[in-house]
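*Asks:* Got a structure for you, written out below as structure tokens; questions coming shortly.
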Amino acid sequence: MKALRITLYGYVQGVGFRSYAKRHALALRISGYVRNMPDGTVQIVAEGDEMALEKYLKLVSRGPFMARVDRVETEEIPIAGRGGFRIEF
Numbered sequence: 205m206k207a208l209r210i211t212l213y214g215y216v217q218g219v220g221f222r223s224y225a226k227r228h229a230l231a232l233r234i235s236g237y238v239r240n241m242p243d244g245t246v247q248i249v250a251e252g253d254e255m256a257l258e259k260y261l262k263l264v265s266r267g268p269f270m271a272r273v274d275r276v277e278t279e280e281i282p283i284a285g286r287g288g289f290r291i292e293f
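Going left to right, the sequence shown walks through residues 205 to 293 as the numbering used here numbers them.
This is the structure we're talking about:
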């Protein structure tokens, strides 16, 4: 198990990114949350199997069709034992 904080920069808000992130997290059995940040980025906290997180990181680095991801920052964080995956507002 591993936990990551992922910050995505670019045209990532208002393009369905949070729903996209949640759908793929659930498919890969990743728990955590996704939220829009005031600075225009999208932040994801994701916990799960290391292989699943690698796949997930590739997917969110591309983003949904209308998004343009210019930069991705990742930081390993302590596992908090989150259950499920939610969109935070």
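The C-beta atom is built at its ideal place from N, Cα and C for all residues, glycine as well. Given the structure is predicted, the values throughout are model-derived calculations rather than measurements.
For the beta strand (DSSP E) containing V216, list its first residue and its last residue.
*Replies:* For the purposes of this step, residue 216 is taken as residue 12 along the sequence shown, with counting starting at 1. Where V216 is concerned, there is no enclosing beta strand (DSSP E), because DSSP gives it neither an H nor an E.
*Asks:* Can you give the beta carbon distance from E292 to L208, rounded, assuming they're within the 8 Å contact cut?
*Replies:* Taking the sequence shown and counting its residues from 1, one reaches residue 292 at position 88. Taking the sequence shown and counting its residues from 1, one reaches residue 208 at position 4. Not confirmed; about 16 Å, so no contact.
*Asks:* Does A231 come out as helix, strand or coil in the three-state DSSP assignment?
*Replies:* Position 27 of the sequence shown holds residue 231. The answer is helix: DSSP assigns A231 an H, G or I state.
*Asks:* With respect to the alpha helix (DSSP H) encompassing R266, which residues constitute its N-terminal and C-terminal limits?
*Replies:* Residue mapping note: residue 266 aligns to position 62 of the sequence shown, counting from 1. Per DSSP, R266 belongs to the alpha helix (DSSP H) from E254 to R266.
*Asks:* Would you list the one or two residues that DSSP bridges to F289?
*Replies:* Against the sequence shown, residue 289 aligns to sequence position 85. Per DSSP, G236.
*Asks:* Taking C-alpha atoms, which residue in V273, G252 and L232 lies nearest to I283?
*Replies:* Residue mapping note: residue 283 aligns to position 79 of the sequence shown, counting from 1. Selected option, being the one with the closest Cα: G252.
*Asks:* Rounded to whole angstroms, what's the CA-CA distance from V249 to Y224? Just pull it up for me.
*Replies:* What you label residue 249 is simply residue 45 of the sequence shown in a count that begins at 1. What you label residue 224 is simply residue 20 of the sequence shown in a count that begins at 1. The straight-line gap separating the alpha-carbon atoms of V249 and Y224 is approximately 14 Å.
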